[in-house]
Amino acid sequence: MLFRCLCILAHIIAKMICTSHQGGYSHDAVVHALQKCGIRHIDTAKRYGCESLLQKAIKESGVNREDLWITTKLWHSDYGYENTKKACLESCERLGVDYLGMNL
Numbered sequence: 037m038l039f040r041c042l043c044i045l046a047h048i049i050a051k052m053i054c055t056s057h058q059g060g061y062s063h064d065a066v067v068h069a070l071q072k073c074g075i076r077h078i079d080t081a082k083r084y085g086c087e088s089l090l091q092k093a094i095k096e097s098g099v100n101r102e103d104l105w106i107t108t109k110l111w112h113s114d115y116g117y118e119n120t121k122k123a124c125l126e127s128c129e130r131l132g133v134d135y136l137g138m139n140l
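FYI, the numbering for the sequence shown is 37 to 140, going by the working numbering.
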């Protein structure tokens, strides 16, 4: 069972694009990765400041939301049930999605 879980995890990571708050953001690169490279996992965070930019790239790519796994992250000020819930909903709004795959 552990081997199967590791294989699934490796498959998810292999098809992943990560964003960052350092180095800028390239809209064209994200759209290309989604359209041409088969990327289906987006890793981002509120702190990176690009969730709303990713919304545009996801829409432009034409990839269905159901085919994407989106991971975002909390900032320490978002800890606690109510703050976490609020942060998740705000990330969904900025990303233009109804749900997240994972919120760390």
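All C-beta atoms, glycine included, are put in the ideal place defined by N, C-alpha and C. Just so you know, these numbers come straight off a predicted model, no measurement behind them.
Excluding the 5 residues flanking it on each side, ILE106 has same chain C-beta neighbours closer than 6 Å at ILE78, LEU136, GLY137, in chain order. With contacts defined by Cβ atoms closer than 7 Å, ARG130 and SER62 do not form a contacting pair.
Per DSSP, reduced to three states, the secondary structure at ASN100 is coil, with no helix or strand assignment. In the DSSP annotation of this structure, the continuous segment of the alpha helix (DSSP H) that includes THR120 starts and ends at 117-131.
Annotation for ARG101: VAL133 place their beta carbon closer than 7 Å to its own, counting only its chain and skipping 5 residues before and after. Judged by DSSP in its simplified three-state form, ILE94 adopts helix. Looking at the DSSP output, TRP105 sits in a beta bridge with HIS77. Residue burial annotation: CYS73 is exposed, with fewer than 16 other C-beta atoms found within 10 angstroms of its C-beta. Rounded to whole angstroms, the separation of the alpha carbons of THR80 and CYS54 is 6 Å.
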